[in-house]
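Those letters in the sequence shown? Residues 2 to 765, per the working numbering, in order.
Using N, Cα and C, we set each Cβ at its ideal position, and we do this for glycine too.
Here is the structure we will look at.
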Amino acid sequence: VEALSAAMPHNPTKAAEHGFANGLKPQPGATAQPASRLPTGSTLSEENGSGKTGSVAPEGVNATIEPLDRVRVDSSGQRLTTNQGVPVADNQNSLKYGVRGPALLEDFILREKITHFDHERIPERIVHARGSGAHGFFECYEPLTQYTKAAPFREAGKTTPVFVRFSTVQGERGSKDTARDVRGFAVKFYTDEGNWDLVGNNMPVFFIQDAMKFPDLVHAVKPEPHHQMPQAASAHDTFWDFASLMPEITHMLMWVMSDRAIPRSYATMQGFGVHTFRLVNEAGESVFCKFHWTPTAGTHSLVWDEAVKISGADPDYHRRDLWERIEAGAYPEYELGLQIFTEEQADQFSFDILDATKIVPEELVPIRPVGRMVLNRNPDNFFAETEQVAFCTAHIVPGIDFSNDPLLAGRIHSYVDTQITRLGGPNFHEIPINSPVAPVHNNQRDGLHRQAIHRGRVAYEPNSLAGGCPFQAGAEQGFVTVPARLRAQEEQGKVRGKPEKFADHYTQATLFFDSQTPVEQDHIANAFRFELSKVTVPAIRERIVAMLRNASEPLARKVATGLGIDPLPEPQPLALANPAKPEVQKSPALSLLARPGDGSLKGRKVAVLVAPGVEGKSVALAQAALLEQGAIARLVGTRIGRMPTSAGDALDADASLENEPGFLFDALILPDGQEAVAALAQDGHTMEFIRDQFRHCKTILALGASRQLMVKAGLPVSMDKSHAQGGTGLIFAEAGDARQAIAAFIEGMTRHRHFGREMDPPLL
Ligand code: HDD
């Protein structure tokens with residue numbers, strides 16, 4: 002037990018869950034596992050968990066653990082059985098008539114095993130199929146009762162358990178993590194008044210304005226139906242054909258072509274609720290609200306060349322990063338911020354707040370920080386939790402309400418509907434990861450896979466035979482929809498159409514592009530160039546350039562040049578000739594570089610190259626200094642295993658140049674020691690390692706003799722600056738000067754990338 006708890010310092014309750022610390026450990030000679038706790042229906046209340054006030058969930062603990070205990074399985078010390086609990090004597094051989102004779106139909110053990118196996122897969126999500134999840138908690142900073150009665154926001158310090166699933170959109174379940182794509186950012190709050198799912202993305206706008214177009218969008222972006230290519234990529238004809246004919250997509254294209262579509266980590270990307278929602282207080286008064294998650298670690302992304310390479314070497318890059326951060330105690334953390342505004346304010350905005358292709362600029366309505374979310378626990382079982390979790394935008398709680406965003410309206414239907422097929426029926430809310438921690442009582446009955454055993458003969462309301470229970474909660478306690486104004490709608494009657502401001506397709510695309518730093522603008526232009534260069538039909542490329550001319554002439558020109566389009570095509574006709582003048586022309590907050598985060602190196606990975614004869618002291622110094630910052634320094638050798646140092650002792654390389662290429666690391670340290678440097682210089686992988694690190698603008702420290710490696714790799718060592726400045730992110734240390742150089746290296750790493758070195762096309 003001690004050994005187990007010591008091995009899992011950050012999830013201290015895991016030992017208990019697995020039956021080791023709470024007396025459930027099987028005794029020697031035990032024949033069966035003790036009966037698991039029965040589902041209780043009501044699992045958490047103000048007294049016993051999520052509602053704890055003034056307390057923060059301790060590390061690795063959150064209130065979904067106890068409810069899920071009833072279904073956790075620990076087989077240690079147990080004998081193998083069939084699904085009926087019949088002990089199995091032989092799990093190696095099927096039943097035959099003589100060892101060389103025919104297999105027998107009566108072998109119920111084989112047949113049960115194979116039948117179950119045959120049905121192990123369920124349909125993958127039509128979008129967001131590939132994802133990774135984690136448990137955690139949300140903690141409220143201050144009561145927000147002035148605006149909302151929603152349970153998570155009632156008191157300062159109140160914690161609410163959450164489960165979060167991050168995802169890509171286009172690729173299939175087994176596709177790569179680092180595709181250029183939107184990332185899903187779906188949060189399930191297990192509040193004491195029911196589950197609230199905030200099903201957002203890492204971008205605050207969407208491709209389309211009306212749910213009517215969603216199947217078209219998804220059909221266009223998914224692998225093309227005749228040959229199922231390309232996987233996890235939007236760079237193909239059908240997506241850009243659709244995009245070029247849908248000008249409302251322009252703003253979103255800016256975001257998807259920006260580096261936000263290739264995050265460094267789930268822990269370094271923002272999340273957004275996208276739509277305008279409503280907050281409702283006890284008095285029934287409502288305000289509009291936009292939800293923003295901002296990572297404490299700052300917003301950091303990959304560069305495209307790096308993302309492409311990573312997808313080959315480690316398709317699980319983001320999944321691994323999330324898992325390792327949590328196991329290491331470097332918990333991903335996000336601050337929740339709200340933009341709150343009234344209906345009267347919204348009426349004055351130059352854009353329509355019901356249009357999901359528009360943001361509310363922070364300069365117009367500031368973001369108010371209201372709480373933080375910490376992800377502190379990995380799931381026990383990917384399928385049971387991450388795959389079976391069912392997020393639905395329809396899942397809201399008293400205190401939250403919808404706006405009339407027509408995209409949201411379609412979503413309210415779609416998510417519940419899709420789970421019925423994906424999870425096999427209407428009882429998916431009973432799957433443990435989906436079941437609320439609040440009590441569930443109603444008269445819904447039966448259906449596939451029903452878990453609850455309802456007692457008594459009453460399954461209707463009103464009733465007298467069950468004393469009228471379960472009774473209506475009434476407006477005081479129950480969910481009440483905001484009686485929104487509908488005057489204008491009444492005048493129009495039933496229509497298929499859009500409000501006029503929806504037709505301004507370009508103003509905010511311009512705002513986004515103009516608010517980026519020059520480096521980010523270059524990346525956006527290059528991403529358009531790359532994607533469109535994969536499009537085979539010239540007319541599609543030209544239509545996109547024609548569309549971009551309405552958003553940004555310099556961008557359109559740059560993309561056209563990259564594609565050899567000359568002269569520029571005429572701009573696409575405007576749907577709205579005179580759009581309202583925007584309140585904000587530039588929003589620096591839209592730049593990724595605007596949120597560097599807390600400057601911590603938590604979760605970053607540094608490669609220290611080693612070979613026999615390496616100077617060990619400076620390597621140890623660097624490792625210790627990085628560990629202190631929360632970064633992990635891995636020794637990457639010409640091979641794995643023990644490496645003699647120049648001083649006669651040894652180091653252990655746990656990775657090799659072959660199995661962990663350079664682009665998988667955030668920074669690089671090249672070691673001192675003539676013999677080691679000579680060995681590294683012999684290995685072509687070293688040169689690729691260094692060039693990738695240089696090309697991707699990462700901090701590189703060359704200790705002593707390893708300067709030669711930089712020269713051999715063709716790096717412009719003339720960029721050499723005194724390490725006190727470290728401006729280029731290339732740091733050279735003379736022998737014996739390691740301590741100061743390591744400090745400069747760490748300082749360089751806090752800047753993440755040194756884009757001053759970037760060249761297009763790349764120098765190396
Ligand atoms: Fe969606 C999944 C986010 C528009 C229909 N969506 C899904 C997931 C996320 C989003 C994060 C994955 C949830 C998980 O991890 O299980 N979707 C969005 C956002 C949108 C959006 C931020 C626009 C603001 N989605 C959207 C529309 C529709 C859907 C307009 C349909 C009308 N989305 C679905 C779905 C999915 C889904 C088909 C597939 C799997 C699932 O729901 O559970 O219902």
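Give me whichever residues DSSP pairs with residue i in a beta bridge.
i	result
M1	The structure shown has nothing for residue 1, since the chain only spans 2 to 765.
D182	According to DSSP, which records beta bridges pairwise, D182 is partnered with nothing at all.
T1	Here the chain comprises residues numbered 2 to 765, so residue 1 is not present and cannot be evaluated.
E225	M230
I401	L280
W294	G272, L337
W241	Paired residue(s): none; W241 is not in a bridge.
P88	T82
P484	Answer is none; P484 lacks a bridge partner.
K495	For K495, which the question treats as bridged, DSSP gives no partner whatsoever.
In the DSSP assignment, the beta strand (DSSP E) including residue i goes from what residue to what residue?
i	result
P645	642 to 645
R166	160 to 169
T700	700 to 704
L199	195 to 202
L636	633 to 638
I115	Premise fails: I115 lies in the alpha helix (DSSP H), 109 to 119, not in any beta strand (DSSP E).
Consult DSSP for residue i and reduce its assignment to one of helix, strand or coil.
i	result
G757	helix
F350	coil
F289	strand
L45	With a pLDDT of 31 at L45, under the threshold of 50, the modelled position of that residue is not reliable, and no figure is offered here.
P380	coil
A668	strand
Q340	strand
A745	helix
S657	strand
S302	strand
A610	The displayed chain sequence assigns Leu, not Ala, to residue 610. The answer is strand: DSSP assigns L610 an E or B state.
L569	coil
A4	Confidence at A4 is low in this model, with a pLDDT of 43, below 50, so the placement of that residue is unreliable and no value is reported for it.
V390	coil
S133	strand
R752	coil
I311	helix
T251	helix
T192	strand
V620	helix
Under 6 Å: does the beta carbon of residue i sit that close to some heavy atom of the ligand HDD?
i	result
Y416	yes
A212	yes
S133	no
V200	yes
V275	yes
G185	yes
T419	yes
I360	no
L254	no
I250	no
H396	no
Using alpha carbons as the reference points, say which of the options lies closest to residue i.
i	options	result
G299	T751, N84, M760	T751
S534	E661, T562, I397, T343	T562
D70	D381, F240, V288, T343	D381
D693	R131, A706, K310, K189	K310
G498	E225, A212, P440	A212
F531	A656, W305, I123, Y142	W305
A612	A651, R101, N527	A651
F278	A625, P224, A680, V398	V398
F139	A130, A157, K699, D418	A157
G600	I747, A314, D193	I747
F403	V281, D317, N464, F342	V281
H301	S266, P316, S287, V483	S266
Which stretch, first to last residue, makes up the alpha helix (DSSP H) that contains residue i?
i	result
I421	407 to 423
T772	A query on residue 772 cannot be resolved here, the shown segment of the chain reaching from 2 to 765 and no further.
N527	519 to 534
A540	539 to 549
G563	554 to 564
A679	675 to 682
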